[in-house]
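To keep things clear, I will list the structure first and then write my remarks on it.
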Amino acid sequence: MNKDQLLAVLYDLSLTIGREVTVDALLTKVVQRLLYHTGCPTGLVLGHPLGLDAGHGRVLKVIGDHLLQQQQGEDIALPPGLLGRTIRSDLPQALLQDFTGQPRYQCGLRLPLDPQHTILLLAPTPLLQQLPLEHVFPPVLANLSRAIKLCQDSEQLAETMQRERNQAKAALNRALRFNQALLKAIPIAVFYKDAQGRYLGCNPAFSRTVGMQAEDIIGKLPAEVWPAELAAMFAQKDSELITTRQPQLFEYMISSQQGKLMDVVYAKDLFYDDDNQIGGIIGAFIDISARKQAEESLRQSLIQAISALSSAMVHRDLSTAGHEVRVSDLAVAIGRQLQLGAEQLEGLGLAAMVHDIGQIQIPSEILTRPRRLNHEEFELVKMHAEAGHEILKDIHFPWPIADIAWQHHENMDGSGYPRGLAGSDILLEARIIHVADSMEAMLSHRPFRRQLGLEQAIAQLQQHRGSIYDPDVVDACLSLFLEQGYQLPDSKRKN
Amino acid sequence: MNAPWHSPLDSGQLEMQLRQWQSSHPGQQLLALVAESDQQQLPLLQTCCLHLGIGLAGGIFPRLLDGQGFLPGGAWLLPHASPADAALLGIHPDRGAATAARQMADQVLHMLQQWPAAQGKPTLFMLFDAMLPDIASILDELYLLLADQVYYGGVNAGSESFQPMPCLFDQHHTIGHGVLCLLLPSSANPVIAHGYAAPQQTTCATATAGNRIFQIDWRPAFDSYRQMVQEQFGAELTRENFYSFGVHFPLGVVLANQQVLIRVPVALEDDGSVFCVGEVPENALLIMLQAPSEPGTECVDSIVDGLRQRHGEISQQPLLGFYCAGRSMHFGPAALEEISHLQASSAAAPLVGALTLGEIASLQEWGYPLFHNASILCSLWRSA
Numbered sequence: 001m002n003k004d005q006l007l008a009v010l011y012d013l014s015l016t017i018g019r020e021v022t023v024d025a026l027l028t029k030v031v032q033r034l035l036y037h038t039g040c041p042t043g044l045v046l047g048h049p050l051g052l053d054a055g056h057g058r059v060l061k062v063i064g065d066h067l068l069q070q071q072q073g074e075d076i077a078l079p080p081g082l083l084g085r086t087i088r089s090d091l092p093q094a095l096l097q098d099f100t101g102q103p104r105y106q107c108g109l110r111l112p113l114d115p116q117h118t119i120l121l122l123a124p125t126p127l128l129q130q131l132p133l134e135h136v137f138p139p140v141l142a143n144l145s146r147a148i149k150l151c152q153d154s155e156q157l158a159e160t161m162q163r164e165r166n167q168a169k170a171a172l173n174r175a176l177r178f179n180q181a182l183l184k185a186i187p188i189a190v191f192y193k194d195a196q197g198r199y200l201g202c203n204p205a206f207s208r209t210v211g212m213q214a215e216d217i218i219g220k221l222p223a224e225v226w227p228a229e230l231a232a233m234f235a236q237k238d239s240e241l242i243t244t245r246q247p248q249l250f251e252y253m254i255s256s257q258q259g260k261l262m263d264v265v266y267a268k269d270l271f272y273d274d275d276n277q278i279g280g281i282i283g284a285f286i287d288i289s290a291r292k293q294a295e296e297s298l299r300q301s302l303i304q305a306i307s308a309l310s311s312a313m314v315h316r317d318l319s320t321a322g323h324e325v326r327v328s329d330l331a332v333a334i335g336r337q338l339q340l341g342a343e344q345l346e347g348l349g350l351a352a353m354v355h356d357i358g359q360i361q362i363p364s365e366i367l368t369r370p371r372r373l374n375h376e377e378f379e380l381v382k383m384h385a386e387a388g389h390e391i392l393k394d395i396h397f398p399w400p401i402a403d404i405a406w407q408h409h410e411n412m413d414g415s416g417y418p419r420g421l422a423g424s425d426i427l428l429e430a431r432i433i434h435v436a437d438s439m440e441a442m443l444s445h446r447p448f449r450r451q452l453g454l455e456q457a458i459a460q461l462q463q464h465r466g467s468i469y470d471p472d473v474v475d476a477c478l479s480l481f482l483e484q485g486y487q488l489p490d491s492k493r494k495n
Numbered sequence: 001m002n003a004p005w006h007s008p009l010d011s012g013q014l015e016m017q018l019r020q021w022q023s024s025h026p027g028q029q030l031l032a033l034v035a036e037s038d039q040q041q042l043p044l045l046q047t048c049c050l051h052l053g054i055g056l057a058g059g060i061f062p063r064l065l066d067g068q069g070f071l072p073g074g075a076w077l078l079p080h081a082s083p084a085d086a087a088l089l090g091i092h093p094d095r096g097a098a099t100a101a102r103q104m105a106d107q108v109l110h111m112l113q114q115w116p117a118a119q120g121k122p123t124l125f126m127l128f129d130a131m132l133p134d135i136a137s138i139l140d141e142l143y144l145l146l147a148d149q150v151y152y153g154g155v156n157a158g159s160e161s162f163q164p165m166p167c168l169f170d171q172h173h174t175i176g177h178g179v180l181c182l183l184l185p186s187s188a189n190p191v192i193a194h195g196y197a198a199p200q201q202t203t204c205a206t207a208t209a210g211n212r213i214f215q216i217d218w219r220p221a222f223d224s225y226r227q228m229v230q231e232q233f234g235a236e237l238t239r240e241n242f243y244s245f246g247v248h249f250p251l252g253v254v255l256a257n258q259q260v261l262i263r264v265p266v267a268l269e270d271d272g273s274v275f276c277v278g279e280v281p282e283n284a285l286l287i288m289l290q291a292p293s294e295p296g297t298e299c300v301d302s303i304v305d306g307l308r309q310r311h312g313e314i315s316q317q318p319l320l321g322f323y324c325a326g327r328s329m330h331f332g333p334a335a336l337e338e339i340s341h342l343q344a345s346s347a348a349a350p351l352v353g354a355l356t357l358g359e360i361a362s363l364q365e366w367g368y369p370l371f372h373n374a375s376i377l378c379s380l381w382r383s384a
């Protein structure tokens, strides 16, 4: 064998040593290649941590002898002379028989890697007698020794990393289980979906609301889960959320695919992935149908209570019967002209129905007296605004009805009563009722005077526009009467 | 009659011949070596064996041979009394050598349980489809699993054109991309030799992957071959004539024990790489050999000597001989002289065999199974 050929063998062995990362794979490949190159039938690797004088060692790897393979991983006796510092290709047959228990191995090649590891190649015929083994192999064996150490370190590192990975995985699983239990337990419907709107998961409350099993929801788009109109709204809201990145909270009435309607409060926000990119949308909604129904029921009760109070007023002063209804009608018409919202209009109408409730404390003889009131009597009448506030203030309305009743005789210039409030310190509803109240009074008969005509009434409003009355409210009122042909409800009948 | 016999696979005679043989040797099985030229007759052989309840296993080979040379066709039928049925296994191309070896080892371990201890250690005789790209790796893995529980021998079946074809069979099936495993007596443990010497001046294959060689001497493999063929034969190398020239410039892995494993390049790939039957070990440096111009007698003599050392007198015994198709192509008519010399020096009665596309044997009587090319592989054939 010339140098080139020998180099080819060493090249093969060197590359084999360099490419494995576990001890078992390294020893398997190296022994395989040694058997391949030598023609030996059997090779084994012994580990002897106590050094080259050890009487015992561990069989780390055996290839080619199925009887010896049964001892792989076990501690066995190492006969004296088997281990040594030098490469030796003439291990005596008796020594080999003592070691293997088999007579068929006539020749043995000892390749010491380091004080703790030795390779033995066993054969029935002499081995590699032509090769200067003691010169050729030591660098390769030293390299193998270092590779074993590297593999051991690598395995240790991999083991540590695996342990840490397992711990992290266990912690993650615990967190996941907790989250799943939490989601399952809470009665609020919760869902999460990817940035494209495709559902990634949901809790049982969401499934129940939608009327579909979670596995049928996951992977679907809102259009496949909700009615078309709702799905479009959700898509619009999702798009806004992704654009603005601001959490959303809104009320909406939803219906499931099965048509069940419910009022809900919807909350949505984004969640982010490890790169701080939008991972998707998480949302929840609470069914507030029961609360809504209770609110509606309360509202109806209040309306009924106000109607009852208003009726009581009618019985006190038949000359002003229908005043509250007419003022309420005109006030709401003015409010609508001023483009108030439905909620505010409702409060305005109810406040107008009870704005004079304080008159209940004023003797009915004064209220119905067929002459102009004297100063003392008028001072008594003026107390009705405060008295109304006292009556109404302890009733919980969704609107400031007690304050409106208190302020409905306040003037813009502060000349009104009972507190002399001015300008924007007076509630808009009070300013509207003030105008409506005056207009209705001027257009109605009183025991002490006949009704004024519309022209006179309008002139009065115009005269006091800005001083007594809110100019915007006056303009709205005039527009109603002059441009839109508005008539007070009872006026139609009376006139 | 229990010696191997050659059958022309004649539809009028085959069943009667088999019936006669079966009546005198009930329970025995047949190993069949079928000539590629008569592969269309294989279903007839399978049907007859199935009908008669004869266990059949075998392969299709480029050509059959006997002591006088090559036979025009037909099949060699070799009776044997193995207590275990042959295992015909398909090998999944994507699952790797370790999986294939595990599959084979499972079958062989099962067969070993049926092998009588009195018969000694058996020979695992394997017929591989030559188109498998990782036979050497499969053998490496197989030795890890079976170790010295068997002797190892085998050959590659298939078409000399290296076109894929179903070339392995039992009485039921014919498959490609697989292996056939038989347990035979220890006498079937083969002796192998090729007689190619390693040159003093070496030219190395410097980039290999599996059974493909990309570079030779730091140049694209095809360029190196083209130059050599030009210098040696004055001919232009093409894809079509590559095999006929490549056999003269085989590649070899030189082992530390000075043995050389031959790899015959058989085809040129589109990317200019060279395809061999039997892969090159991952880290091996291949050297380029120049095949000897004459076969000489040394190769055959060493085989016959090896057989005599193991078995004593071998004359007048059936001898199973496989001759590499690439070797035959390289030596041309001289291959027939080598076969005649094998017949003469062994005094085989008869010499039966085939041209093969790869050979498997250990370099010693027992030990590591290696994949070879360009070799002659021989074993005694004892039916029981």
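Keeping their order, the protein sequence lines are chains W and G.
In terms of the UniProt record's numbering, the first sequence opens at residue 1 and continues consecutively.
In terms of the UniProt record's numbering, the second sequence opens at residue 1 and continues consecutively.
Ideal Cβ positions, reconstructed from N, Cα and C, are used throughout, including at glycine.
Among Arg-85/W, Pro-204/W, Ala-385/W, which residue has its Cα nearest to the Cα of Gln-116/W? For Gln-116/W, the nearest C-alpha among the options comes from Arg-85/W.
Which residues, taken in chain order from the stretch 110-133 of chain G, show a beta carbon closer than 9 Å to some beta carbon of chain W? Answer set for the stretch 110-133 of chain G: empty.
Compare the C-beta of Cys-49/G against all C-beta atoms of chain W and say whether one is closer than 8 Å. Chain W, which has no Cβ nearer than 8 Å to the Cβ of Cys-49/G, makes this no.
Contacting residues, own chain, Cβ-Cβ under 8 Å from Leu-27/W (five flanking each side not counted): Cβ contact annotation for Leu-27/W (same chain, cutoff 8 Å, sequence separation greater than five): Val-45, Leu-60, Lys-61, Ile-148, in chain order.
So within the stretch 156-210 of chain W, which uninterrupted alpha helix (DSSP H) runs reach at least 4 residues, ignoring any that extend past its ends? With a minimum length of 4 residues, the unbroken runs of alpha helix (DSSP H) contained wholly in the stretch 156-210 of chain W fall at 204-210.
Could one say the Cβ of Tyr-105/W lies closer than 8 Å to chain G's Cβ atoms, at least one of them? Taking a beta-carbon distance threshold of 8 Å, Tyr-105/W does not count as an interface residue toward chain G.
Inspect the beta-carbon positions of Ile-281/W and Tyr-417/W and report whether they are closer than 8 Å. For the 8 Å CB-CB criterion, Ile-281/W and Tyr-417/W do not form a contact.
Are the CB atoms of Leu-68/W and Pro-112/W nearer to each other than 8 Å? No, the Cβ-Cβ distance between Leu-68/W and Pro-112/W is not below 8 Å.
Any Cβ of chain W within less than 8 Å of the Cβ of Tyr-151/G? No, its Cβ sits nowhere closer than 8 Å to a Cβ of chain W.
What's the gap between the Cα of Leu-34/W and the Cα of Val-300/G? Roughly 28 Å separates the two Cα atoms.
Neighbour flag for Asp-140/G against chain W, beta carbons, 8 Å: Judged by the 8 Å Cβ criterion, Asp-140/G is in contact with chain W.
Tell me the DSSP bridge mates of Pro-112/W? By DSSP's assignment, Pro-112/W forms a beta bridge with Thr-118/W.
In the DSSP assignment, the beta strand (DSSP E) including Val-264/W goes from what residue to what residue? For Val-264/W, the enclosing beta strand (DSSP E) stretches over residues 261-272.
Val-280/G - DSSP class collapsed to helix/strand/coil: DSSP places Val-280/G in coil when its eight states are reduced to three.
Answer yes if the stretch 400-417 of chain W comes into contact with the stretch 460-470 of chain W, meaning at least three C-beta pairs across the two stretches below 8 Å, and no otherwise. Contact holds: three or more Cβ-Cβ distances are below 8 Å.
Kindly list the residues whose CB is nearer than 7 Å to the CB of Ser-345/G, restricted to its own chain and excluding five residues on each side of it in sequence; keep chain order. Taken in chain order, the residues that qualify are Val-300, Asp-301, Val-304.
Please report how far the alpha carbon of Gly-153/G lies from the alpha carbon of Gln-215/G, in whole angstroms. Straight-line measurement puts the Cα of Gln-215/G at about 31 Å from the Cα of Gly-153/G.
Delimiting residues of the alpha helix (DSSP H) encompassing Thr-368/W: Going by DSSP, Thr-368/W is part of the alpha helix (DSSP H) stretching over 364-368.
Would you kindly work out how many angstroms separate the C-alpha atoms of Ala-94/W and Thr-38/W, rounded to a whole number? Distance between Ala-94/W and Thr-38/W, taken at the CA atoms: about 22 Å.
Is the Cβ-Cβ distance between Asn-203/W and Lys-184/W less than 8 Å? Yes.
With 8 Å as the threshold, decide whether the Cβ of Met-1/G is near any Cβ in chain W. Bear in mind that the predicted position of Met-1/G carries a pLDDT of just 47, short of 50, making it too unreliable to give a figure here.
Using only alpha-carbon positions, find the residue among Leu-286/G, Gln-39/G, Arg-308/G that is nearest to Gln-316/G. The shortest C-alpha separation from Gln-316/G is found at Arg-308/G.
Do Ile-391/W and Gly-347/W come within 8 Å of each other at the CB atom, strictly closer than that value? Gly-347/W places its beta carbon 8 Å or farther from that of Ile-391/W.
Along chain W, which residues have their Cβ under 8 Å away from the Cβ of Asn-257/G? What Asn-257/G touches in chain W, judged by beta-carbon distance under 8 Å, is His-37, Thr-38, Gly-39, Leu-127, Leu-128, going in chain order.
Would the stretch 323-333 of chain W count as touching the stretch 374-394 of chain W if we require 3 or more Cβ pairs under 8 Å? Using a C-beta cut-off of 8 Å, the stretch 323-333 of chain W makes no contact with the stretch 374-394 of chain W, since fewer than three inter-stretch Cβ pairs fall below that distance.
Are the beta-carbon atoms of Val-179/G and Phe-128/G separated by less than 8 Å? Contact flag set, yes.
Quick check for students: name the residue ranges of the beta strand (DSSP E) that lie wholly in the stretch 61-131 of chain G, counting only runs of 3 or more. For the stretch 61-131 of chain G, whole beta strand (DSSP E) runs of length 3 or above, ordered along the chain, are 64-66, 69-71, 75-80, 87-90, 123-129.
To the nearest angstrom, how far is it from the Cα of Leu-230/W to the Cα of Asp-216/W? The alpha-carbon separation between Leu-230/W and Asp-216/W amounts to approximately 19 Å.
Any heavy atom of the ligand NAD closer than 7 Å to the beta-carbon of Ala-185/W? As for the ligand NAD, it is missing from this structure, which has no ligand bound.
Look at the Cβ atom of Cys-378/G, then the Cβ atom of Leu-320/G, and state whether they are nearer than 8 Å. In this structure, Leu-320/G lies closer than 8 Å to Cys-378/G by Cβ.
Would you decide whether Leu-18/G is buried or exposed? Buried here means 16 or more other CB atoms lie within 10 Å of its CB. By the beta-carbon neighbour count (other beta carbons within 10 angstroms, threshold 16), Leu-18/G is buried.
Beta-carbon contacts of Phe-222/G that lie in its chain and below 8 Å, excluding the five residues immediately before and after: Only residues of its own chain outside the window of five on either side were considered, and among them Leu-237, Leu-268, Gly-272, Ser-273, Val-274 have a CB closer than 8 Å to the CB of Phe-222/G, listed in chain order.
Whole angstroms are fine: how far does the CA of Met-16/G sit from the CA of Met-288/G? Roughly 51 Å between the two C-alpha positions.
So does the stretch 27-39 of chain G actually touch the stretch 49-65 of chain G, counting three or more Cβ pairs closer than 8 Å? Output reads yes: the stretch 49-65 of chain G touches the stretch 27-39 of chain G.
Leaving out five residues on either side along the sequence, give the residues of the same chain with a beta carbon under 7 Å from the beta carbon of Gly-278/G. Excluding positions up to five away in sequence, the list reads Ile-135, Ala-136, Asn-211, Arg-263, Gly-358, Phe-371, Asn-373.
Bounding residues of the beta strand (DSSP E) (the contiguous stretch that carries Val-253/G): For Val-253/G, the enclosing beta strand (DSSP E) starts and ends at 251-254.
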